[in-house]
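Note sheet for the following structure.
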Amino acid sequence: MRRVNGTALVMAALVATIGALAFPVWSYADRSGTGQANLAAGTVNTAWGPLTAQDRDLIVRVRLAGLWELPAGQQALERAPSEAIKEVADHLIVGHTDLDKRVRIVAAQLGVELPNQPNELQQGWLKEMTAATGADYEKKFVNLLRAAHGTIFPAIGAVRNSTRNTLVRQLASDANQTVLDHITVLEKTGLVDFDAIANTAANGATASPTGPPAPVPGQVAPSAPPAQATGDVTTTSQPSPGEPGTVNTSRPDPVDSQGVLN
Ligand SMILES: [Fe+2]
Numbered sequence: 072m073r074r075v076n077g078t079a080l081v082m083a084a085l086v087a088t089i090g091a092l093a094f095p096v097w098s099y100a101d102r103s104g105t106g107q108a109n110l111a112a113g114t115v116n117t118a119w120g121p122l123t124a125q126d127r128d129l130i131v132r133v134r135l136a137g138l139w140e141l142p143a144g145q146q147a148l149e150r151a152p153s154e155a156i157k158e159v160a161d162h163l164i165v166g167h168t169d170l171d172k173r174v175r176i177v178a179a180q181l182g183v184e185l186p187n188q189p190n191e192l193q194q195g196w197l198k199e200m201t202a203a204t205g206a207d208y209e210k211k212f213v214n215l216l217r218a219a220h221g222t223i224f225p226a227i228g229a230v231r232n233s234t235r236n237t238l239v240r241q242l243a244s245d246a247n248q249t250v251l252d253h254i255t256v257l258e259k260t261g262l263v264d265f266d267a268i269a270n271t272a273a274n275g276a277t278a279s280p281t282g283p284p285a286p287v288p289g290q291v292a293p294s295a296p297p298a299q300a301t302g303d304v305t306t307t308s309q310p311s312p313g314e315p316g317t318v319n320t321s322r323p324d325p326v327d328s329q330g331v332l333n
């Protein structure tokens, strides 16, 4: 009798255990694949707020950007075919040396492992640049870099918008400024193929274009009255940190209280 009771107890315990394990799977089954489930899946808590998979992706991408743009910039500075290319190279080296310091400090604080080599795609771009000469080199240098910056620019904006982690938010702000600066100096060379960029963007889009109607030739658009504050309003800020066409890159060195950079 005692033995039967013991077996029944074990069976009951087994059923309860399997049930307990199965319940969360069953109850969450219909939620998997949703944005909320995806957000929760890769998120860990840190002293600076939740850290998502998207946050970690940006950290790694900022590091990767430096790993290929620094050698690309150095090569361009050594070849220096024109003053405009030399200026780009200077900005790439200065910007990514600074960003790399920041990303190494942030990654150490958040426990994110960083790559130490450019990815395959980036290595391919470096090889393409190295193989090119003359005007072809200049065109390749500018357009490969401009395309890469155009890809990371909206990704930075997306993370900057949605992150709940204060370190990632600041890194996104800093990276945004550096990327905009690099885009600006690349475009200053006059070698950017904007048609190619527009075509690449259009090929990746599936939705039909929306927006205001195209202007009608010969028809003058109605004048737009100013949109502005009314009444007696006192303001002190400036709309932009510098002249249009320039990006303020004079931020101070990052604070490295943990000695990550030593
Ligand atoms: Fe860059």
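Numbering (my numbering), first residue to last: 72 to 333. We put the CB at the ideal spot given by N, CA and C, even for glycine.
- Could you name the residues of the same chain whose beta carbon sits closer than 7 Å to that of G313, not counting the 5 residues immediately before and after it, in chain order? In the sequence shown, the residue the question calls residue 313 occupies position 242. Hits under 7 Å: N319.
- Measuring from the CB of V394, is there a heavy atom of ligand 1 at a distance below 7 Å? This structure cannot settle anything about residue 394, because the visible part of the chain is limited to 72 through 333.
- Output the distance between the C-alpha atoms of T301 and T307, rounded to the nearest integer angstrom. On the sequence shown, residue 301 is found 230 positions in, with the first residue counted as 1. On the sequence shown, residue 307 is found 236 positions in, with the first residue counted as 1. Spanning the two alpha carbons is a distance of roughly 16 Å.
- Query: What does L215 pair with, by DSSP beta-bridge criteria?
  - Reply: Here the question's residue 215 lines up with position 144 in the sequence shown. Its beta-bridge partners do not exist; DSSP assigns none.
- Distance, Cα to Cα, L181 vs T117? Taking the sequence shown and counting its residues from 1, one reaches residue 181 at position 110. Taking the sequence shown and counting its residues from 1, one reaches residue 117 at position 46. Spanning the two alpha carbons is a distance of roughly 7 Å.
- Can you list, in chain order, the stretches of the beta strand (DSSP E) that have 3 or more residues and sit fully within the region 257–294? Entirely contained in the region 257–294, not one beta strand (DSSP E) run reaches 3 residues.
- Could you check which residue in A136, T114, L135 has the C-alpha nearest to that of D126? Along the sequence shown, one-based indexing puts residue 126 at 55. Nearest to D126 by alpha-carbon distance, out of A136, T114, L135, is T114.
- Query: Hey, quick one: how far does the alpha helix (DSSP H) through A147 stretch, first residue to last?
  - Reply: Taking the sequence shown and counting its residues from 1, the one referred to as residue 147 is at position 76. Note, A147: alpha helix (DSSP H), 124–150.
- Query: Once you ignore the five residues that flank E158 on each side, which residues in its own chain have a CB closer than 6 Å to its CB?
  - Reply: Working through the sequence shown from its first residue, we reach residue 158 at position 87. Its chain contains V256 as the residues whose beta carbon lies nearer than 6 Å to that of E158, once the 5 sequence neighbours on both sides are disregarded; these appear in chain order.
- Under three-state DSSP, which class holds V304? On the sequence shown, residue 304 is found 233 positions in, with the first residue counted as 1. Residue state for V304 is assigned as coil, using DSSP reduced to three classes.
- Query: Does Q329 come within less than 8 Å of chain C when only Cβ atoms are used?
  - Reply: Here chain C cannot be found, since the structure has a single protein chain.
- Message: For P286 and P293, I'd like the C-alpha separation in whole angstroms.
- Response: For the purposes of this step, residue 286 is identified with residue 215 of the sequence shown, where counting begins at 1. For the purposes of this step, residue 293 is identified with residue 222 of the sequence shown, where counting begins at 1. Roughly 11 Å between the two C-alpha positions.
- Query: If G120 and R235 are in contact, beta carbons under 8 Å, what's the gap, nearest whole angstrom?
  - Reply: One-based indexing of the sequence shown puts residue 120 at position 49. One-based indexing of the sequence shown puts residue 235 at position 164. Yes, they are in contact, since the Cβ atoms of G120 and R235 sit about 4 Å apart, within 8 Å.
- Message: On the criterion of 16 or more Cβ atoms from any shown chain inside 10 Å, does L134 qualify as buried, or is it exposed?
- Response: If you number the sequence shown from 1, residue 134 lands on position 63. In the sequence as presented, Leu is not what sits at residue 134; that position holds Arg. That one is buried.
- Go through the residues and name those whose CB comes closer than 5 Å to any heavy atom of ligand 1, in chain order. By the rule of a C-beta closer than 5 Å to any heavy atom of ligand 1, the residues picked out are E140, H253.
- Roughly how many angstroms lie between the CA atoms of P189 and V331, to the nearest whole one? Locating residue 189 in the sequence shown gives position 118, where the first residue counts as 1. Locating residue 331 in the sequence shown gives position 260, where the first residue counts as 1. Looking at the two C-alpha atoms, the distance is approximately 21 Å.
- Item | Nonlocal neighbours in the same chain, by C-beta distance under 6 Å from T260, ignoring five residues either side | Locating residue 260 in the sequence shown gives position 189, where the first residue counts as 1. Excluding positions up to five away in sequence, the list reads A155, V213.
- Message: Buried or exposed, going by whether 16 or more other CB atoms sit within 10 Å of the CB of Q309?
- Response: Within the sequence shown, residue 309 is the residue found at index 238, counting from 1. In summary, Q309 is exposed, with fewer than 16 beta-carbon neighbours lying within 10 Å of its beta-carbon over all protein chains present.
- Item | In DSSP terms, what V174 is bridged to | In the sequence shown, counting from the first residue as 1, residue 174 sits at position 103. Partner(s): none; V174 has no beta bridge.
- Cβ shell of I254 (< 6 Å), same chain only, five flanking positions each side left out: Against the sequence shown, residue 254 aligns to sequence position 183. Excluding sequence neighbours, I254 sits near H220.
- Task: Could you please give me the residues that DSSP links to V115 through a beta bridge?
- Result: As a position in the sequence shown, residue 115 is number 44, starting the count at 1. Partner(s): L122.
- Any idea if A160 is buried or exposed, counting beta-carbon neighbours within 10 angstroms, 16 or more meaning buried? Indexing the sequence shown from 1 puts residue 160 at position 89. Within 10 angstroms of the beta-carbon of A160 lie 16 or more other beta-carbons, which makes it buried.
- Item | Close-in-space but distant-in-sequence residues of the same chain around V177 (CB under 6 Å, 5 per side omitted) | Taking the first residue of the sequence shown as position 1, residue 177 is located at position 106. Around V177: L238, L242.
- Query: By DSSP, does T201 sit in helix, in strand, or in coil?
  - Reply: As a first step, residue 201 is located in the sequence shown; it is residue number 130 there, counting from the start. Note: T201 maps to helix in three-state DSSP.
- If we ignore side chains and look at the alpha-carbon of each, how far apart do F224 and Q299 end up? Translated into the one-based positions of the sequence shown, residue 224 becomes position 153. Translated into the one-based positions of the sequence shown, residue 299 becomes position 228. Taking the straight line from one Cα to the other gives about 29 Å.
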